[in-house]
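Here is the structure we will look at, set down as structure tokens.
Residue numbers (my numbering): 27 to 208.
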């Protein structure tokens, strides 16, 4: 739009100025050629400046987004509680922080992709699946004393606080597991 406005004004103003200054048709024809080259140069400069400005704005927005993502990633990774997110429909773990690794003895990459019930005592899998389903239905924050299983088989008593939210068009559950064994 800016380019069209610039072109319209260039032609309107420059033709009027040229007609007012020069009376000879041959001279006007020669000057029209230079005027065309000047328009090409001026419009290229205008387009360059507009694109450069847009790229700088995008670069700044991307930088700010990256900083924001990094800030929240650091907050999650350095939290004193285990934070685990799971798909609300399937129960499959989507993400886990460092504290979740420590509490379960399982690297986050291995926690991801597991069904959430596999992080709890196997003999109570049905109970944990039922609690998960109930939470998905209610969608409210719950807080209960439950257990996480460590890779070595030990049980870690935890207080769980969970909430359901939509992220990127996907319904997820975020659970915060606080070790209460102290």
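All C-beta atoms, glycine included, are put in the ideal place defined by N, C-alpha and C. Predicted, not measured: the structure shown is a model, and the values here were computed from it.
Buried or exposed by the 16-neighbour rule on C-beta atoms within 10 Å, applied to residue i
| i | result |
| --- | --- |
| residue 116 | exposed |
| residue 157 | buried |
| residue 130 | buried |
| residue 52 | exposed |
| residue 70 | exposed |
| residue 154 | buried |
| residue 125 | buried |
| residue 159 | exposed |
| residue 142 | buried |
| residue 46 | exposed |
| residue 151 | exposed |
| residue 87 | exposed |
| residue 83 | exposed |
Proximity of residue i and residue j at Cβ, strictly below 8 Å
| i | j | result |
| --- | --- | --- |
| residue 101 | residue 112 | no |
| residue 32 | residue 72 | yes |
| residue 188 | residue 161 | yes |
Sequence-distant residues of its chain with Cβ nearer than 6 Å to residue i (five each side left out)
| i | result |
| --- | --- |
| residue 186 | 170, 172, 201 and 203 |
| residue 109 | 102, 123 and 202 |
| residue 90 | none |
Sequence-distant residues of the same chain with beta carbon closer than 8 Å to residue i, five excluded per side
| i | result |
| --- | --- |
| residue 139 | 118 and 119 |
| residue 44 | 54, 57, 58 and 61 |
| residue 48 | 54 and 57 |
Cβ neighbours of residue i in the same chain (closer than 7 Å, five flanking residues each side left out)
| i | result |
| --- | --- |
| residue 146 | 154, 172, 173, 174 and 175 |
| residue 183 | 171, 173, 206 and 207 |
| residue 191 | 198 and 200 |
Pick from the options that is closest to residue i, judged by C-alpha positions
| i | options | result |
| --- | --- | --- |
| residue 58 | 46, 40 and 31 | 40 |
| residue 37 | 193, 65 and 50 | 65 |
| residue 106 | 93, 76, 81 and 127 | 127 |
| residue 137 | 161, 177 and 114 | 177 |
| residue 27 | 48, 76 and 42 | 76 |
| residue 30 | 96, 95 and 68 | 68 |
| residue 164 | 180, 144 and 114 | 114 |
| residue 179 | 148, 94 and 196 | 148 |
| residue 181 | 144, 104 and 81 | 144 |
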